[in-house]
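Residue numbers (the working numbering): 4 to 149. Heads up, the beta-carbon is just placed ideally off N, CA and C, and yes, glycines get one too. Take a look at the structure below.
Spelled out as structure tokens, the structure:
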């Protein structure tokens, strides 16, 4: 849930930062969570075990709402923000092997996501053309351009 006006004003008073600066700082922190090695750093330094920090992560969950998520450049940051709600995930990220596994999976996703989406789209278009008979020899592109 997004912070209320009273919560926003209280946060401004508590932090001593105007809302626009706090917005930028929180956005940068949330985006830093996209780096599994940074999350590992937080875990091994016992930061993820601090109840105040866990409460801060809970507060930051408003970034998953569409009106805020649109500012996040690294969608994995939102995934990790949600995963950090789970004590088992926080504990797992202490393990260097788990961290490297997550890092490798993330790298593989980035490396192949565009190709996988393109291949799926091509396969879907081919299946649609085969199901529709593909009459006219031009497929759907020429018909759509007409």
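Check	Outcome
Top-ranked residue by Cα proximity to residue 71, from 21, 33, 93	33
Residue 30 beta carbon less than 9 Å from that of residue 74	yes
Nearest-angstrom Cα separation, counted from residue 9 out to residue 19	15 Å
Burial state of residue 21 (16 or more Cβ within 10 Å)	exposed
Every unbroken alpha helix (DSSP H) within the stretch 37-65, with a cutoff of 4 residues, ordered by chain	39-47, 54-62
Residue 93 classed as buried or exposed, judged by whether at least 16 other C-beta atoms fall within 10 angstroms	buried
Cβ-Cβ distance between residue 87 and residue 51 below 9 Å	yes
Reduced DSSP category for residue 117 - H, G, I as helix; E, B as strand; rest coil	helix
Residue 108, buried or exposed, once every other Cβ within 10 Å from all chains shown has been counted against 16	exposed
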